[in-house]
Every structure is written in structure tokens, then in C-alpha cells.
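The sequence shown finishes on residue 700 if you use full-length UniProt numbering, and the numbering steps up by one all the way, no holes. Cβ atoms here follow ideal geometry from the backbone N, Cα and C, with glycine treated the same way. The structure appears below as C-alpha cells.
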Amino acid sequence: MCRLRVLVDLPRHSRLDAVLDYLAPEPWPAGTLVRVPLGKREVCGIVWGMAETPDPAEADGEAPVLRSVVQVLTDLPPFTHGWLRLVAFAASYYQRSPGEVALSALPPDLRDLDAVQLARRLKRLDKALATAAKVANAAAQAGTPERPALSPEQQQVLDVLADGPPQPSLLFGATGSGKTEVYLREAERVLAAGRQALVLVPEINLTPQLEARFAERFPARCIVSLHSGLTPAQRLQHWLSAHLGRADLVLGTRMAVFASLPRLGLIVVDEEHDPSYKQQEGARYSARDLAVWRGRHEQVPVLLGSATPSLESWYNAGPAEAGGGRYRRLVMPSRIGGGALPAVRVVDLARIAAQFGKQALRAHPLAPPLLDALRERLDRGEQSLVLLNRRGYAPVLHCTNCGWKSACPHCSAWRVFHKLDRTLRCHHCGITERVPRACPDCGDPDIQPMGRGTERLEEQLADLLPGARVGRIDADSTRAKGSLAEQLASVHAGEVDVLVGTQMVAKGHDFRRMTLVAAVQADAALFSSDFRAPERLFSLLMQAGGRAGRDAALAGRSEVWIQTWHPEHALYAALRRHDYEAFAASQLAERESAGMPPFSFQALLRADARTPEAALAFLDAAALQAQALPGAQEVLIYPPVPAPIHRIADVERAQMLVEASGRVTLHRLLAQWLPALQGLSSEPATRVLRWALDVDPISI
């Protein structure tokens, strides 16, 4: 019998580097999927390697009794060495168990299958792929769709990608510049060489339309998607297709960065700036950063595309002498067809209030000049998008008599008023109840909505624009399965004149008849305590504005309107000029002077407890532990503070920021700190419900 080291998904409090040893009749290679006993259960595991050195306990005559591998799933080829290295790096960098990272990357159904059940699933997969191949061949025989002509900028980018080394490239292209066509051409080149392509998108709602584009271009190819919107059976089938090398193209959200691809030849990260690529639960990894690491170590090109790159990526693609040089920067500043970018108009709400009175602004969501611009589009049969990144009817209800407000009893947040079903909902803990008939405190029936959400905005626009077909797309209106696709189809078909939407519709969508985009409430992020808030606001507004004028014939009269109380703000000045480079330069200068990322490296220790005192006591004790470690003098440990929303579902939340000027310095401290934290969380005086370490946090 030989001894194998096997990854299993151990409990959260286990040692981070714990890999269990099992006996096996032969040395199965690393990456082999097995079933092993763990306690009273039988679980899925992955062979990590051979246990070559004997355990010290064995030398002392106290050899542990090892259990044997139950089954080896030989019908599946082992994971590649590149995939195992990705798991090892992600576990080490994000301070998680390698078993947790590896097993959570597998479809849930796969983790429950034994050898017999797996064989049945593989037979079903063969039949499904054979049927799909017949359909694909029939579609291919019907004729390959004609490829659009490339612009000079697209051709130049593709030439660089074809001739240059397989390094990460930042594709900085204006909205409508044809970045998707570059992805398609690069995928075509890779597929022709017999390799696989992985395309990541930030959100599920962008997957179907991109999948349709790829399916139209590659009718004879096997294309699968990987995201949380799939059923367990679909996810398993798609994953198996990729792992077996049967799928040529894999499109997915952040989880797809861990897709097992034996012939990987290209990784594309679309809208690379999007915060959705950062996992917020469990192993808090960044799919974009892991994609870059995977590409470097598997020697495949990585293409990061965005009209508003993250400042970290922009910095990495800058001059080497300024600290960059890690990425190659490729630029496509022009729209396809020569269409102009929409003109940006900033509405000074202070001047509007002086002219029409503040009461007019409270009563109507849009300033009169903006309302006139919407009417012009209606008269011409064009479409408009009104952006408000707040769903519901109103953020809060209040009593005009005693001042009561619809606070959530379980969270430090307001319950949002939803008029359609007359409910108050907390968007954090999910509690929902009917709107009271009268004020719960004083009994006054005069309860009024405060503020404005997308439901209220939709209602008000329908009143202000009689005869206009007003639609709404947000997380509430698209809750039913298939509803998002239906609503987007109605917009594309011209059945909606004015679309009210949140950030869901601000990126990736190609609305050909849209000539006006209006941001109703854009100022909130200007003075946020989160240093990334201006970057996110600029990106949201620029991406939303990119929905206007995508048809070259209409580009000349396309506009972006922004209502603001601060029209002279530098962010809006850069937006007027569509000058991302100037905005990025000013933001990076501010961050450098303040020592913020990308000029420093951060980790955030979060703690949840029943009381705020318990959460803060844990963090205080953790800070003392960190300060006693070697190298602590090179790391800045900030005092613990309550989280921005300090209570959710009756759980108190606090956090503590750790910062260093060097990545290696920070990670050396974290590696020493974590074992101590695990012991600390089990002590009565500092026990908490849960704690987590977030490396490279995107929200502080």
C-alpha cells in the first residue's frame, strides 16, 4: 500500500495547510478524483501527491492508523498540473484551505457522485454532445456568417496579439469600439490551433447575449456556459464538457476562472473593471487577478477589456519606469463606423432650483431641460435610458407627524418601500412585511415615501410623458426566470420608449435606437468614505453613456445628461471630455499621495458577533497578536471599527484594515497570523460567530 495526500473540504477551523493522508493500492497521479472516508461520511477528494516523507509520529513508534481510499473515479482524466498550481496559488494568496478552493470549484453534483453514477452521467453527456454536434453541423453547412470588416484599430490590436508574446494585455477601447469582435477573432485563431478559449463576464445577465454572439460566429463549435444561474445538472454537464476537452469555448462568470480546461489557449476578461469579479463569500478571490496569474503560468494570452479599466489594471499597463509594465496596453479610442461619442451635458440642479424652485425638483425627478430632451426623442421615435441605481419605490417611509421611519429591526438600514406589492423590504436581511395602515409609533395614517427608487421613477415618468411606453429593468422586475431576456428583447424590438434601469443595463448591452442616457442621482458617490467610490461612479456613468449612439447613423445627436448639485466637480469635467486618461491620472496621483492601492497592499479582517463589543474585542486581540509577530513594524494595523452597515440580521459586524507597502511583506505577516486567529476565535473571551480575512478588499 502507498500513501497519498488528498485534498478534502475541511471545516473552516482546520489548519489552512491541512491535506489528509490515505492509503491506496497504487500511486494514483496528482489531480485524480477519489472518494475517501472523512469522519462518518464519505466525501469527494483530489489527490494532491504522494506522502514521500514519513510522519514524525511514525518514527517515534506512534504511527497513526490511516484509512484507505474508497473509490477512484478513473473515468475522469486527472486535473492538469496547471489547474493544481492555480488552486495552490489561490489558496496561498487568499489565505484559505486548498481543499476548500479546489472542491468549491467543482460542480456540487460531481462531489456527490460515485464511480457508477459518474459512468451513467458520462454516457448521457456523450448522447447530448452527439445530438448537439448534429445540430451544429447542420448549422455549419447552412453557411458560416459573414464576418464584419475590421476597423484599422481592431486590425492593429489583432496584429499585436498575433505577433507578440502570450502576456496579459489591457484592451482599452471606447464603448462601441468593437472589443467583442476582437474577442471573436482571437478566439477564432485559438480554436483553429486546436485550443480552448475561456471568456469571463461580470454578471449572469450578460452571458446569454455573448453566448449568442459566439454561437452565431462558431456554429460548428461546442460552446458551454458556467455560472450560478444553471441548474445543478446543467452545470455538471457543462463542466464535464470542458474538463474532457469536448467544449471549445467556455463562457462564464467569476467561478469559471477555475474551469478545468486541458487545452487552454486564451483567457478573455470582459469589463475587467467590474467589482463583480471579486468573490464576497468564502474564498474571497478576484477572478480577474487569478485569470492573469493563470495566463502567465500556463503561457496563454490574457485579454482584459474595458472602456473604463480599473485603476489597478491601468497602473499595471503603464510605463515600467512608473511602476507598471506588467500588462501590454492596446488602445481603440474610436467607435465602429466612425460614430462620435455622445455629448455629455451636466444639469446644474442649484440653478434649476433657483429658477423653478426647490419644490419643483422634489415633485419631479427630471429638470425641465432634461424632460424636454426626452420629449424630443419621443417625437423622433428614438429611445432613452434613465439611470437610477436604487430599486424599489422609495428608500424609506416616514411619518410626517412624529418622524418615524421604516428602519429594519434586524439591520442598521432602512426597509425599502415597494409600491407594487405594498411591502417594506430590507435588501440586506430579506425581511418583508406589509406596509402599516398607520404610523406604528403615533397612529397617524399620513405615512409618506422619502426619496426615489426605480419604481417611483417609472411611475413619475409615465405621468410626465403621456403616451410614452416606459419600461423598467432592475433586480425586482427581472426576478422571474426568463424575464430579463424578455424585457431586453422588447427594448431591442423598439417596444420601449423610455427605459428606467439600475446598473444592470449600464454595460454590455447594444441598444441600437437609444440616443439619450440620463443619470438622475449621481452625486452620492462623490463624497463617499470609500476611496474607490469616484472610480466606480465614473465607470458607471461612462459605461451607461456608452449605451447611447451605438448606431452610427444616430450618433451625431446622442447625448448623456447628468443631474448634479456639483457641476464643477473634476469627475464631471473629465466625463464631458470622455477623458478617462486624465481622470485615471488624477485618481492615481491622489492614491499615491495617500498611500492607497495600487501603491500599497491591503487585507481586511472582518468579524461577526452577537454584540458589537464581542466583535471589537476579537479584533483588538487580533491586533495585539499581529503586532507581536516578526515583521509587524513594516505593516500598518488600523484600529478596529464597525462595518459601514454594522448590523445585518441581528449580527454585529466590525472590521480592521491591515496595510503594507509591499505585497510580500503583507503576505508574510498574514501567513504567520492566521493560525493564531483560529485559536483566538475559539477562546471564550474573544469568541465570535465567524471571522474572515479578505485579501485585496474592494470595499472598505
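Given a cut-off of 8 Å, decide if residue j and residue i are closer than it, judged by their beta-carbon atoms.
i	j	result
A90	A259	no
A307	Q141	no
L4	V69	yes
A24	C2	yes
L226	M255	yes
A233	D109	yes
E272	L304	yes
G99	L10	yes
L541	A522	yes
R111	L122	no
A174	M332	yes
E186	S276	no
residue 701	V292	The structure shown has nothing for residue 701, since the chain only spans 1 to 700.
V116	W48	no
Q95	L693	yes
Considering only DSSP beta bridges, list what residue i is partnered with.
i	result
Y22	L4
Q71	R35
L657	L604
A394	F417
C399	I447
V386	V500 and A518
L693	L605
E642	The displayed chain sequence assigns Pro, not Glu, to residue 642. P642 is bridged to A654.
I46	L7 and L33
A407	W414
How many Å lie between residue i and residue j at the Cα?
i	j	result
R647	S97	28 Å
R329	M514	30 Å
D114	R263	26 Å
A462	P368	15 Å
E247	A138	It is Ala, not Glu, that sits at residue 247 in the sequence shown. For A247 and A138, the distance between alpha carbons rounds to 18 Å.
I431	D650	12 Å
I645	S412	6 Å
A582	R576	12 Å
V416	L397	8 Å
L488	Y22	53 Å
S313	G325	10 Å
Y315	K405	44 Å
G631	P597	20 Å
R380	L374	10 Å
A287	Q587	24 Å
G239	L191	Correcting the residue type first, residue 239 is Trp in the shown sequence and not Gly. Approximately 19 Å between the Cα atoms of the pair.
E321	T665	22 Å
S483	G252	20 Å
H569	S310	21 Å
D497	H364	19 Å
L106	L526	41 Å
R663	L38	36 Å
Can you list, in chain order, the residues of its chain whose CB lies under 6 Å from that of residue i, leaving out five sequence neighbours each side?
i	result
Q655	L604, R606 and A643
N389	T502 and Q503
Q672	L629
V517	L385, A544, G545, R547, A548 and V560
I223	F214, A215 and L249
C399	C439, D444 and I447
G229	I204
S600	E659 and S661
Leaving out five residues on either side along the sequence, give the residues of the same chain with a beta carbon under 7 Å from the beta carbon of residue i.
i	result
L261	Q196, L198, A242 and V250
A350	W565
T686	A617, F618, A621 and L680
R512	R550 and D551
residue 701	Missing from the structure shown is residue 701; the chain here goes from 1 to 700 and no further.
V300	P166, L264, G265, L266 and I267
S699	D530
Considering only residues of the same chain and omitting the five flanking positions on each side of residue i, which have a CB-CB separation below 8 Å?
i	result
E42	R35, V36 and V70
L370	V347, A518, W561 and Q563
M450	A394, P395, V396, L397, H398 and K405
S334	S151, E153, A174 and S177
V635	A626, V658, E659, A660, T665, L666 and L669
P29	V47 and P78
Start-end ranges of the alpha helix (DSSP H) lying completely within the region 575 to 617, minimum 4 residues: 580 to 594
What are the uninterrupted segments assigned as alpha helix (DSSP H) that are 4 or more residues long and contained completely in the UniProt domain "Helicase ATP-binding" (160 to 317), given in chain order? Positions of the alpha helix (DSSP H) runs, each at least 4 residues long and wholly inside the UniProt domain "Helicase ATP-binding" (160 to 317), are given as 179 to 192, 207 to 217, 232 to 243, 287 to 298 and 311 to 316 in order along the chain.
Pick out the complete beta strand (DSSP E) segments inside the region 466 to 548, 3 residues or longer, and give them in chain order. 470 to 473, 498 to 501 and 514 to 519
Kindly provide the ranges of any alpha helix (DSSP H) runs that are 4 or more residues long and lie completely inside the region 312 to 378, ordered along the chain. 349 to 356 and 358 to 363
Mind listing, in chain order, the continuous alpha helix (DSSP H) runs of no fewer than 4 residues lying wholly within the region 100 to 154? 108 to 111 and 115 to 141
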